[in-house]
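J.: What follows is a structure written as structure tokens; I'll ask about it next.
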Amino acid sequence: MAGEPVSVWTRPERGRRGPAPGRSRAQITATAVELADADGLAAVSMRQVARRLDTGPASLYRYVAAREDLIDLMADAVTAEIDLTVTPSGDWTNDLVALAAQAKAVYLRHPWLLDVMAQYTPLGPASIDYLEHALTLLDPAPASSRAKLEAIGILGGLVTLFARNELNARSAGASPDERQRAQTAYLGEVAAAGKHPRLLAAMTSAAGAAAAAADASAGVDTGGGGGGGGAKDADSWGDGVFERTLRRVLAGLLAPGE
Numbered sequence: 004m005a006g007e008p009v010s011v012w013t014r015p016e017r018g019r020r021g022p023a024p025g026r027s028r029a030q031i032t033a034t035a036v037e038l039a040d041a042d043g044l045a046a047v048s049m050r051q052v053a054r055r056l057d058t059g060p061a062s063l064y065r066y067v068a069a070r071e072d073l074i075d076l077m078a079d080a081v082t083a084e085i086d087l088t089v090t091p092s093g094d095w096t097n098d099l100v101a102l103a104a105q106a107k108a109v110y111l112r113h114p115w116l117l118d119v120m121a122q123y124t125p126l127g128p129a130s131i132d133y134l135e136h137a138l139t140l141l142d143p144a145p146a147s148s149r150a151k152l153e154a155i156g157i158l159g160g161l162v163t164l165f166a167r168n169e170l171n172a173r174s175a176g177a178s179p180d181e182r183q184r185a186q187t188a189y190l191g192e193v194a195a196a197g198k199h200p201r202l203l204a205a206m207t208s209a210a211g212a213a214a215a216a217a218d219a220s221a222g223v224d225t226g227g228g229g230g231g232g233g234a235k236d237a238d239s240w241g242d243g244v245f246e247r248t249l250r251r252v253l254a255g256l257l258a259p260g261e
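Residue numbers (our numbering): 4 to 261.
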């Protein structure tokens, strides 16, 4: 009977016996990430990574026991791109939304990570540091430790949802904003027909709020030159939908007494 599975993080990088090391896990991982970024997660195999490193697959198994371990290493390597050195501001909502935006940016740079997360949640040093940092940001929140951990998990699910929608829109040949405008126009036509009065009222309210936000942001635009920059570029799936959704979810999940 096979023994209990052992995490790659509990194994030494390389056995004590054998010839002097010519590679490292970091080098192998970086090569695998490059391969996945270019061709997707399915393209990653020990053979293909070895080919890129101009060596034989057998030599890689001295450092990484299996493809599954390599994927764990890859996921943790890109998670480490998130800047955890930012000092908490004391406004836990703003801090966590900013952290979530960083996480979404990682998914957009490395779309294959979404495929990994759809199967399981890999835990390594970088992802554990991420959890600790997120909990630190939530120190001022009036909720229990359990509620905070649950909120971080739900927030992570929302981040993957928004990242996948944005990537899907890109692959369809239209920018997320273009697709959003097309969908909104269709909804407007349907609502205006009179069969969906509640939908019409909700859309009218949302349009008014969006116009007010646009007017407010126009006076504080610090971008160089007209036409670009600002909050719209920071949130590329709808007009602030990402941030608004996260704020509302956090407010509900971490309300006093939770």
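Heads up, the beta-carbon is just placed ideally off N, CA and C, and yes, glycines get one too.
Give the C-beta separation of Arg167 and Leu117 to the nearest angstrom, bearing in mind that I take them to be a contact with Cβ-Cβ under 8 Å.
T.: Walking along the sequence shown from the start, residue 167 turns up at place 164. Walking along the sequence shown from the start, residue 117 turns up at place 114. So it is a contact: roughly 6 Å between Cβ atoms.
J.: Could you give the distance in angstroms between the alpha-carbon of Val223 and the alpha-carbon of Gln122?
T.: Working through the sequence shown from its first residue, we reach residue 223 at position 220. Working through the sequence shown from its first residue, we reach residue 122 at position 119. Unreliable placement is indicated for Val223, whose pLDDT of 45 sits below 50; no coordinate value is reported for it.
J.: Check whether the Cβ atoms of Val47 and Ala53 lie closer than 8 Å to each other.
T.: Looking up residue 47 in the sequence shown gives position 44. Looking up residue 53 in the sequence shown gives position 50. The answer is no: Cβ separation not under 8 Å.
J.: Per the contact definition of three or more C-beta pairs closer than 8 Å, is the segment 194-207 in contact with the segment 136-154?
T.: No, because fewer than three Cβ pairs between the segment 136-154 and the segment 194-207 fall closer than 8 Å, the two stretches do not touch.
J.: Quick test of the definition: if touching needs 3 or more C-beta pairs under 8 Å, does the segment 129-147 touch the segment 88-99?
T.: Segments in contact, yes.
J.: From what residue to what residue does the alpha helix (DSSP H) around Tyr133 run?
T.: To locate residue 133, count along the sequence shown from 1; it is residue 130. It spans 128-140 - the alpha helix (DSSP H) in which Tyr133 sits, taken as one unbroken run.
J.: What is the DSSP secondary structure of Glu192, reduced to helix, strand or coil?
T.: For this step, residue 192 is matched to residue 189 along the sequence shown. The answer is helix: DSSP assigns Glu192 an H, G or I state.
J.: When the distance is taken between beta carbons, is Ala35 closer than 8 Å to Met77?
T.: Along the sequence shown, read from residue 1 onward, the residue named residue 77 stands at position 74. Along the sequence shown, read from residue 1 onward, the residue named residue 35 stands at position 32. Yes, the pair counts as a contact, with Cβ atoms nearer than the cut-off.
J.: Give the DSSP-derived three-state secondary structure of Ala146 in the structure shown.
T.: For this step, residue 146 is matched to residue 143 along the sequence shown. Here Ala146 sits in coil by DSSP.
J.: Do Leu253 and Leu99 have their CB atoms nearer than 8 Å?
T.: Looking up residue 253 in the sequence shown gives position 250. Looking up residue 99 in the sequence shown gives position 96. Yes, these two residues count as a Cβ contact at 8 Å.
J.: Going by beta carbon distance, what residues of the same chain come within less than 8 Å of Gly59, once the five residues before and after it are set aside?
T.: In the sequence shown, counting from the first residue as 1, residue 59 sits at position 56. Excluding residues within five positions, the ones whose Cβ falls inside 8 Å are Ala53.
J.: Near Trp12, what residues of its chain come up, given a Cβ to Cβ distance below 6 Å and the 5 sequence neighbours on each side ignored?
T.: Within the sequence shown, the letter at position 9 stands for residue 12. Cβ neighbours of Trp12 beyond the five flanking positions: Gly127.
J.: At what residues does the alpha helix (DSSP H) containing Lys107 begin and finish?
T.: Taking the first residue of the sequence shown as position 1, residue 107 is located at position 104. Element bounds for Lys107: 95-112.
J.: Name the two residues that bound the continuous alpha helix (DSSP H) containing Val89.
T.: The sequence position of residue 89 within the sequence shown is 86, counting from 1. No alpha helix (DSSP H) holds Val89; DSSP gives it neither H nor E.
J.: Need the endpoints of the alpha helix (DSSP H) that Asp315 sits in, please.
T.: Nothing can be reported for residue 315: it is not among the residues displayed for the chain, which extend from 4 to 261.
J.: Could you give the first and the last residue of the continuous alpha helix (DSSP H) run that contains Glu16?
T.: Along the sequence shown, read from residue 1 onward, the residue named residue 16 stands at position 13. That residue, Glu16, is in no alpha helix (DSSP H); it is neither H nor E in DSSP.
J.: CA-CA distance, Ala68 and Val9?
T.: Here residue 68 refers to the residue found at position 65 when the sequence shown is read from its first residue. Here residue 9 refers to the residue found at position 6 when the sequence shown is read from its first residue. Roughly 11 Å between the two C-alpha positions.
J.: Have a look at Ala41 and Pro145 and give me their C-alpha separation to the nearest angstrom.
T.: Counting from 1 along the sequence shown, the entry for residue 41 is found at position 38. Counting from 1 along the sequence shown, the entry for residue 145 is found at position 142. Going from the Cα of Ala41 to the Cα of Pro145 covers about 44 Å.
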